[in-house]
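Protein chains in written order, with my numbering: chain A, 1 to 595; chain B, 1 to 351.
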Amino acid sequence: MAAPKKGRRPTGAQGRPGRALAIILIAMVALTAGMFISKQTTPRLGIDLAGGTSITLKAKSEPGKESAINETNMNTAVGIIDRRVNGLGVSEAEVQTQGRDHIIVNIPKGTNEQQAREQVGTTAQLYFRPVIAFADGSPAAPEGTPSPSPSASGSGAPKAGDGKTSPSATPSSSATSQGRALSEALKAPAAPTPSPSASESKKADDTKAPSPSASAPAPTGDEAAAAALQAKFAALDCNDPAQRAAAGQGAKPEEPMIACGQRGDAWGKWVLGPAQVNGQDVKEAKGQIDPQRGQWIVTMQFTDKGADKFAKITGELATKQMPQNQFAIVLDGKVISDPSVSQALTGGNAEISGGFTQQSAQDLGNMLSYGALPLSFSEDSVTTVTAALGGEQLKAGLIAGAIGLALVVIYLLVYYRGLAFIAIVSLLVSAILTYTIMSLLGKGIGFALNLPAVCGAIVAIGITADSFIVYFERIRDEIREGRTLRPAVERAWPRARRTILVSDFVSFLAAAVLFIVTVGKVQGFAFTLGLTTLLDVVVVFLFTKPVMTLVARTKFFASGHPWSGLDPKRLGAKPPLRRSRRTGSAPAPVDAKEA
Amino acid sequence: MSKLGDLGAKLYRGEVGYDFVGKRFLWYGVSILITITAIVALAVQGLNMGIEFKGGAVFTTPKTTVSVAKATEAAEEASGHDAIVQELGTGGLRIQISGVDTDAATDVKKKLAADLKVGEADINADLVGPSWGEQIANKAWTGLGIFMVLVVIYLAIAFEWRMAVAALIALIHDLTITVGVYALVGFEVTPGTVIGLLTILGYSLYDTVVVFDGLKEGSKDITKQTRYTYSEIANRSINGTLVRSINTTVVALLPVAALLFIGGGFLGAGMLNDISLSLFVGLAAGAYSSIFIATPLVVDLKEREPAMKALKKRVLAKRAAAVAKGESPDEAYEAEDEPQVVAQGRPGRRR
């Protein structure tokens with residue numbers, strides 16, 4: 001680049017440094033104010049610094065299902081996992097996709113890690129259970145008595161041989177009470193509940209449904225369990241999200257359970273028998289339109305084993321009356337569908353029809369074919385970070401950062417003397433901007449300062465200081481040419497600006513590519529690098545340069561005070577060019593303060 | 001510092017200077033030697049891949065009185081796998097056990113807590129599947145590829161293709177040296193290392209760009225003068241920007257060094273250490289390559305150009321003529337228009 005011709009005013013707001021400074025000052029005040037108004041005075045700390053559990057799941061590519069790993073399925077999986085972890089009552093758990101086939105689940109400290117992992121990692125918590133009783137969601141409201149038909153039958157027992165006959169409890173019209181039916185039904189599975197509720201009798205009394213017989217039989221283990229379940233069922237309020245989430249949790253497949261589920265717009269509750277078929281027995285299911293009836297149905301295809309089991313249970317259920325001719329499809333302890341059965345379904349194929357929309361049919365199809373999740377996942381890594389260690393790491397990082405900063409400051413002071421103060425204040429401005437923006441981004445885009453990000457911020461001190469060096473060296477070169485400070489500052493700027501922009505662009509490019517391509521921890525690092533590189537440009541343009549212009553007007557710097565870092569003598573300035581032509585090549589350290 | 005300032009002034013005026021370009025084959029030789037060493041080390045010793053690439057668990061314990069040797073024994077007994085135990089600055093231990101999967105880790109943690117007499121809840125467990133590090137590495141390769149393509153395009157536009165090619169070679173050179181150092185010394189390669197390595201991309205080029213910018217400026221009107229050949233101008237540019245390069249490198253290295261020695265010293269191995277170690281090695285290599293390799297490479301590429309060949313011929317002819325006339329070569333230029341390029345400094349050095 002040719003030296004600008006004499007007298008030409010270099011570009012840049014030479015005369016108006018105040019405006020640029022005002023802009024950056026306003027920006028700083030606004031950001032700081034925004035930080036306090038939104039009460040985000042510290043950057044949100046990542047899971048590695050604040051502590052917690054981070055689980056990385058990788059979608060498994062299964063033969064024949066390679067195309068299953070797609071955005072839609074990944075998002076469905078995120079939705080399901082999110083419901084699982086947040087259904088635990090865990091607040092602020094983050095579930096997000098990372099890259100093409102990873103899901104990262106970040107669970108803040110204070111969560112039961114084991115439980116969380118079970119929740120997140122399990123893919124096939126899908127069961128087909130026979131319905132024993134149904135009521136709408138509220139706790140034992142009178143109109144909630146579900147079965148219009150008085151007949152009740154205790155079934156769902158695995159030992160039921162063929163589907164034609166009901167093995168045990170005889171349907172009797174006299175046993176009209178739901179409670180009675182329940183008790184009998186529940187006796188059959190002979191599966192003792194490990195922890196009978198202590199408050200069973202009290203709860204049972206609350207039951208408004210007439211159940212004289214519920215307390216009548218001798219309280220054997222089974223009976224107690226049945227009563228407990230019945231009591232729980234009566235008290236269950238599926239309209240309460242907390243109860244809803246807790247209802248089906250922890251139920252063992254081989255035991256009866258209570259569960260909530262959505263029926264149309266309202267919530268319903270069920271008592272369900274032991275699981276007969278599970279998600280893994282389903283080979284494939286999909287939602288499709290039935291061309292004959294013109295409605296959406298879900299077709300299922302079972303595995304050989306699944307087909308046998310399904311034939312058996314449908315055979316049993318077909319003989320019964322509402323609601324016990326239904327089976328419930330239970331996903332993660334929640335009833336997602338409760339189709340009724342009219343005949344034994346053999347041959348491994350079945351279809352569910354009635355009331356589906358395209359969306360609901362396809363969703364159910366998806367859930368059925370992939371178990372609970374549309375994809376199966378493997379645990380890639382589980383990271384538990386205790387807060388103490390995170391704090392330690394952060395502390396070490398901050399100490400290292402402070403020392404690094406101090407070293408840079410010392411170096412700048414020794415080498416650039418007075419000029420260093422401009423650099424240091426610029427670094428400070430940069431730090432304030434970085435801090436406030438990071439704090440605000442915590443809320444804005446969920447940016448979390450993790451350890452690599454801290455590392456990135458420390459490394460960025462160097463990048464930021466580099467731009468000052470480029471500019472200062474340029475100014476000094478101009479002074480060596482014999483110019484006085486004011487023109488030197490202005491003439492050095494366009495050249496320094498070019499270098500700064502080009503090199504910052506390269507840094508930014510690296511950060512951007514890293515951010516887009518990588519996953520997880522690396523992203524935080526790349527983001528910080530990119531952010532600080534951008535801020536470097538902002539600070540150099542709006543702060544360092546204008547301040548330099550102002551400073552050039554002060555006597556201390558303009559006169560080239562020995563401590564200003566701009567002493568022409570020390571810099572080996574020579575007298576202005578043209579007049580020095582014939583003085584030869586020797587340095588001409590004559591007084592060059594004023595030409 | 002005034003001495004350094006003097007040096008800066010002298011370098012700037014070209015009174016002193018190192019003949020980087022003239023001695024480039026020496027430095028090419030040095031670099032080729034280092035590169036070969038790096039490749040051999042890589043082939044023979046390979047990289048010490050961290051647990052993230054092999055799969056396993058890392059346990060970090062609070063302060064404990066159990067010795068490292070005892071802890072290693074306990075960890076190996078508890079897990080049945082090899083264990084690496086390091087003491088942390090906090091007095092705690094960092095125990096790496098490869099081959100431990102998610103299920104086994106809980107048991108190992110329990111046993112470790114008992115053996116080391118610390119609370120189970122205080123032990124921090126970091127479990128990694130073998131694919132995790134691989135994933136990061138794969139993404140890193142993709143990122144590296146994309147970045148290289150983009151940056152070559154950018155540099156070719158901002159400067160010219162010769163500089164882009166030279167910068168790319170210098171970049172590969174830096175990465176090779178860094179990887180070579182890892183293979184030679186046997187530092188552990190972790191995702192942190194990969195992050196650091198990727199950051200070198202931007203940094204190594206930052207330095208190179210600063211030098212190239214000076215070169216581009218210095219050689220702008222090169223064909224309008226007959227005083228210097230391209231390689232001479234290039235050498236002057238390197239020397240002129242030397243102080244700037246040294247300063248930016250020192251300033252960039254200081255925080256990284258702080259991270260490496262203080263952050264690392266305080267906590268022992270860990271993410272901070274891994275990132276800063278590879279950054280430190282890469283930065284140092286980057287500073288070296290931008291001065292000794294990148295610019296000389298540009299010169300080699302550039303001097304093949306017919307225009308530059310012609311210029312060299314003219315310059316040499318002119319010098320010969322001046323000598324024949326018995327004039328100092330300097331006098332010969334007086335008749336000419338002052339070339340803007342060299343107007344910044346006096347021709348102190350002559351050939």
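Just so you know, even glycine gets a beta-carbon here, dropped at the ideal spot from N, CA and C.
Give the secondary structure of residue i by DSSP, where H, G and I count as helix, E and B as strand, and everything else as coil.
i	result
Lys252(A)	coil
Arg293(A)	coil
His173(B)	helix
Lys117(B)	coil
Pro142(A)	Reliability fails at Pro142(A), whose pLDDT of 45 lies under 50, so the model's placement of it is uncertain and the value that follows must be treated cautiously. Looking at Pro142(A) - three-state DSSP - the assignment turns out to be helix.
Leu535(A)	helix
Lys269(A)	strand
Tyr435(A)	helix
Asn124(B)	strand
Thr299(A)	strand
Tyr18(B)	coil
Pro494(A)	helix
Asp237(A)	coil
Val277(A)	strand
Leu360(B)	This structure does not reach residue 360(B), given that chain B is present from 1 up to 351, and the question cannot be answered.
Arg244(A)	helix
Tyr12(B)	helix
Arg417(A)	coil
Pro62(B)	coil
Ser237(B)	helix
Asn305(B)	Per the sequence presented here, residue 305(B) reads as Glu, with Asn not at that position. DSSP places Glu305(B) in coil when its eight states are reduced to three.
Ser467(A)	helix
Phe134(A)	strand
Val408(A)	helix
Can you tell me the Cβ-Cβ gap for residue i and residue j, rounded? I've got them flagged as a contact below 8 Å.
i	j	result
Phe527(A)	Ala453(A)	7 Å
Val335(A)	Ile132(A)	Between Ile132(A) and Val335(A) the Cβ distance is about 12 Å, and since that is not below 8 Å, they are no contact.
Pro255(B)	Gly442(A)	Going by Cβ atoms, the distance from Pro255(B) to Gly442(A) rounds to 24 Å, so no, they are not a contact pair.
Val298(A)	Leu368(A)	7 Å
Leu412(A)	Ala465(A)	7 Å
Thr241(B)	Val209(B)	At roughly 11 Å, the Cβ-Cβ gap does not stay under 8 Å, so Thr241(B) and Val209(B) are not in contact.
Mind pulling the chain A residues with CB within less than 7 Å of residue i?
i	result
Val108(B)	Simply none; closest approach about 13 Å.
Thr142(B)	Val517
Leu168(B)	Ordered by position in chain A, no residue passes the 7 Å Cβ test against Leu168(B), which lies about 12 Å from the chain.
Leu205(B)	Val506
Ala158(B)	Val502
Tyr12(B)	Asp477 and Arg480
Ala307(B)	Ordered by position in chain A, no residue passes the 7 Å Cβ test against Ala307(B), which lies about 18 Å from the chain.
Ile262(B)	Ile399, Ala400 and Ile403
Which chain B residues sit within Cβ distance under 8 Å of residue i?
i	result
Leu529(A)	Thr199 and Gly202
Asp536(A)	Under the 8 Å cutoff, chain B gives no residues; its nearest Cβ is about 11 Å from Asp536(A).
Leu509(A)	Phe147, Leu150, Val151, Tyr154 and Gly202
Phe525(A)	Ile195, Thr199 and Ile275
Ile469(A)	Arg244, Asn247, Thr248 and Val251
Pro17(A)	Chain B residues near Pro17(A): none, gap ~24 Å exceeds 8 Å.
Arg498(A)	Asp213
Please list the partners that residue i has in chain A, where partner means a Cβ-to-Cβ separation under 8 Å.
i	result
Ala113(B)	None at all; the shortest Cβ gap to chain A is about 13 Å.
Leu316(B)	Within 8 Å Cβ-Cβ: nothing; Leu316(B) doesn't reach chain A, min ~21 Å.
For residue i, count the other beta carbons within 10 Å of its own beta carbon; 16 or more makes it buried, fewer makes it exposed. Which is it?
i	result
Ala75(B)	buried
Ala258(B)	buried
Thr544(A)	buried
Gly46(B)	exposed
Asn349(A)	exposed
Asp355(B)	Because chain B here runs from 1 to 351, residue 355(B) falls outside it and cannot be looked at.
Asn75(A)	exposed
At 7 Å on the CB atoms, spell out the chain B contacts of residue i, in chain order.
i	result
Pro43(A)	By Cβ distance, chain B contributes nothing, its closest Cβ being about 17 Å from Pro43(A), past 7 Å.
- Message: Quick check on the DSSP output: what are the complete beta strand (DSSP E) runs of length 3 or more inside the region 330 to 369 of chain A, in order along the chain?
- Response: 334 to 337 and 349 to 356
- Segments of 4+ residues assigned as alpha helix (DSSP H) that fall wholly inside the region 15 to 57 of chain A: Correct list: 17 to 37 and 47 to 50.
- What residue ranges within the region 163 to 228 of chain B form continuous alpha helix (DSSP H) runs of no fewer than 4 residues, ordered along the chain? 191 to 218
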